[in-house]
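Engineer: The structure is given below, and queries will be raised subsequently.
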Amino acid sequence: ARMTRKIILSTSLKTSFIIVLVRPEHHYRIAKGLVYVLENRFRLFGMPFGLDPIIGFVPWIGDAVSTVVALYIVLLAKRMKVEQKHINVMLLNIAFDFLIGLIPFVGDVSDFFIRSNSKNLKLIEKHGRLNVIDGEIEK
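Taking the numbering used here, I'd label the letters of the sequence shown as residues 934 to 1072.
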């Protein structure tokens, strides 16, 4: 399998540049793993849930953390050449989840049922080219 170089830059003066070799399919696995942990890791009365509803109990901060992780999944989708119209749908899913999450109690309960990350992962699976990351040369 083809390898891609990715440079991770640090803003800290103590840390130097780190070069990590990453296979393109690892980005998809990371996104899939994040969705599993955020939305499906545990079961309660047969219903799957993850860390998203637990993190969501912390007002504002929980929703902000969940949104940042969700935006990382969108970044991966962009790198996997998902079309902009599907990226827009993904962003709307995240915005809806975030806005509902701001409503006290309703937002906490909705985190068990609104699974924007799972929806977005399905869009990646359907419309993304899982073996291509932006910057690679296709043959």
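For glycine and all other residues, C-beta sits at the position ideal for the given N, C-alpha and C.
Bear in mind that the values here come from a model prediction, so they are computed numbers and not experimental data.
#1: Please name the residue, chosen from Ile988, Val1002, Gly989 and Leu1024, that lies closest to glycine 966 on a Cα-to-Cα basis.
#2: I'd like the list of long-range same chain contacts for leucine 1009, defined as Cβ closer than 6 Å, with 5 residues on each side in sequence excluded.
#3: Which residue or residues does DSSP assign as beta-bridge partners of arginine 976?
#4: Residues in the same chain with beta-carbon distance under 8 Å from phenylalanine 1029, minus the five sequence neighbours each way, listed in chain order, please.
#5: Might you give, ordered along the chain, the residues of its own chain that have their beta carbon closer than 6 Å to the beta carbon of glycine 983, omitting 5 neighbours on each side?
#6: So, under 8 Å CB-CB, leucine 1056 and methionine 1023 are touching, yes? Tell me the CB distance rounded to an integer number of Å.
Structural biologist: The short version:
#1: Here the question's residue 966 lines up with position 33 in the sequence shown. Closest by alpha carbon: Val1002.
#2: Reading the sequence shown from its first residue, position 76 is the one you call residue 1009. Once the five neighbours on either side are set aside, the close Cβ partners of leucine 1009 are His960 and Ala964.
#3: Within the sequence shown, residue 976 is the residue found at index 43, counting from 1. Bridge partners of arginine 976: Pro981.
#4: In the sequence shown, the residue the question calls residue 1029 occupies position 96. The answer, listed in chain order, is Ile1047 and Ser1049.
#5: In the sequence shown, counting from the first residue as 1, residue 983 sits at position 50. Cβ neighbours of glycine 983 beyond the five flanking positions: Val970, Leu971, Glu972, Asn973 and Arg974.
#6: By 1-based counting over the sequence shown, the position of residue 1056 is 123. By 1-based counting over the sequence shown, the position of residue 1023 is 90. Sure, about 6 Å apart at Cβ, within 8 Å.
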